[in-house]
Amino acid sequence: MSAPANNNTPTNNNTPTNSPTNTPVDSSVNDNNNNNNNNNNNSSGNAPDRNTPTPMSGVEPTGAAASIYADPLSEIHIDILSMKDKLKSLAVEKARLSTNRHKSAEVEQQVKELVAQQLALQQELKAAKETLTELTSDLPSVVPSSSGDSSTSKNTFTIDSRAVPVFSVIGINADHKAKADNVKVFSSVDAFLSRLSKIVEGKNGDINVDWHKALHLAMPHDQDHWYNEALGKHKDEYNWDQVCKIMRKRFVSRDSMVHKAIEVFRCKMRANETTQRYGNRFHNLVREAGLTNCDVLAMLYLLSLPTELHKQVLIAYSARPGNDDRLPKNLDEIIKLSDMVSVTKRNSSEAYLPHV
1 MSAPANNNTP
11 TNNNTPTNSP
21 TNTPVDSSVN
31 DNNNNNNNNN
41 NNSSGNAPDR
51 NTPTPMSGVE
61 PTGAAASIYA
71 DPLSEIHIDI
81 LSMKDKLKSL
91 AVEKARLSTN
101 RHKSAEVEQQ
111 VKELVAQQLA
121 LQQELKAAKE
131 TLTELTSDLP
141 SVVPSSSGDS
151 STSKNTFTID
161 SRAVPVFSVI
171 GINADHKAKA
181 DNVKVFSSVD
191 AFLSRLSKIV
201 EGKNGDINVD
211 WHKALHLAMP
221 HDQDHWYNEA
231 LGKHKDEYNW
241 DQVCKIMRKR
251 FVSRDSMVHK
261 AIEVFRCKMR
271 ANETTQRYGN
281 RFHNLVREAG
291 LTNCDVLAML
301 YLLSLPTELH
311 KQVLIAYSAR
321 PGNDDRLPKN
331 LDEIIKLSDM
341 VSVTKRNSSE
351 AYLPHV
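In structure tokens form, the structure reads like this:
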């Protein structure tokens, strides 16, 4: 049998009934409940321990990735647009390079065409020259004007055989009694070579190129074989100086050179001979003797002058600055100085008499 209810128990009319939301809840209880739920979930799914490090542990996200509201699809869309822009720029660059290669190929083709045209023009020019040569082969040669062009002189220079002197030198292939002033006889090999050079240059020829055309005509019959072997085979190789050396070596004997050298040492200034003429004669003897132009020959020339002229030249030489302790360099220096101090007219005094 139940006890009767106590009706005397006081009630609070202000306290609402059936309002569990207003009842305070301990936060620790909620945390424990959450932890229990997480533990249950982890145990049921075999998830790793919270203390186990993950690949992204320790990396703090930045920008949109740090936001819990970021849309991954939006980020991927932005990356796709950026890649599209890069692809467009690469496509434009590729098109530009392709255009440049096309232009380069066109330029190369144009160069090849120009080279082919040049070769064709050269062949036409060569054929025209050959035709012109055939048409003008029967025409008389025309002496070119003095232009200094060796190639033109080599091809067109002609000379009349009557204008070329025959190689006839006293003591070599002419009688010693022959007169040197005869136009057909020369006193020395150098005199003949000098005359031949003047004739070629007088015909507007180049002596270094056209020497063989004149010298071949000048050589006598008994010297043709030697000329063809020694000089004719080298007509396109030797210049005039080389030809002169070969001619002197062939026709100027050692005995002749010795006699010329002795003549140099015995040479004296003749009566009524100017210093200029005597200097040229002395210089030619030195060259024909094969002597070296040096200070010894300069002093030898100075001693060969008349006494008074010798003193005047020596005083003039010593008066120049720097000449007190040196000899003249060569023969040309002292010959030039003697011309400067000499007089054109000679007196009958000792100053202008030859040595006895």
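Okay, so the sequence shown: first residue is 1 according to full-length UniProt numbering, each after it adds one. Virtual Cβ for every residue (Gly too), placed ideally from N, Cα, C. Note that the coordinates shown come from a computational prediction; the quantities given were computed from them, not determined experimentally.
| Item | Value |
| --- | --- |
| Contact set for M340: own chain, Cβ-Cβ below 8 angstroms, skip 5 residues either direction | A316 |
| Coarse secondary structure for N185, derived from DSSP in three states | Sequence inspection shows Val at residue 185; the Asn mentioned does not correspond to that position. Correct three-state label for V185: coil. |
| Cβ-Cβ distance between L331 and V286 below 8 angstroms | yes |
| Sub-8 angstroms separation of N239 and N208 beta-carbons | yes |
| Short Cβ contact (8 angstroms threshold) for L193 with C244 | yes |
| Three-way DSSP call (helix, strand, coil) for V296 in this model | helix |
| Rounded distance between the beta-carbons of I159 and A218, thought under 8 angstroms | Not confirmed; about 10 angstroms, so no contact. |
| Range of the contiguous alpha helix (DSSP H) that encloses D236 | Careful: D236 lies outside any alpha helix (DSSP H) and carries neither H nor E. |
| Where G202 falls, given that 16 or more other Cβ within 10 Å makes a residue buried | exposed |
| Counted within 10 angstroms of its Cβ, other Cβ atoms place D210 as buried (16 or more) or exposed | buried |
| V185 and S168 closer than 8 angstroms at C-beta | yes |
| Buried versus exposed, by CB contacts within 10 Å (16 or more), V164 | buried |
| For I170, three-class secondary structure by DSSP | strand |
| Neighbourhood of F251 by C-beta distance below 6 angstroms, restricted to the same chain and skipping five residues each side | I172 and V189 |
| D295 vs P321 beta-carbon contact at 8 angstroms | no |
| 8 angstroms Cβ cutoff met for M257 and A289 | yes |
| Coarse secondary structure for V252, derived from DSSP in three states | coil |
| Straight-line gap, S187 to R326 (C-alpha atoms, nearest Å) | 37 angstroms |
| Where K329 sits in the DSSP three-state scheme | coil |
| E93, DSSP secondary structure in three states | helix |
| Secondary structure of L305, DSSP reduced to three states | coil |
| Limits of the unbroken alpha helix (DSSP H) element including R277 | T275 to A289 |
| Closest Cα partner of S161 within the set L231, T99 and P220 | P220 |
| CB contact flag (S304, K268, <8 angstroms) | yes |
| Proximity of G279 and S197 at Cβ, strictly below 8 angstroms | no |
| Local conformation of I159 per DSSP, three classes | coil |
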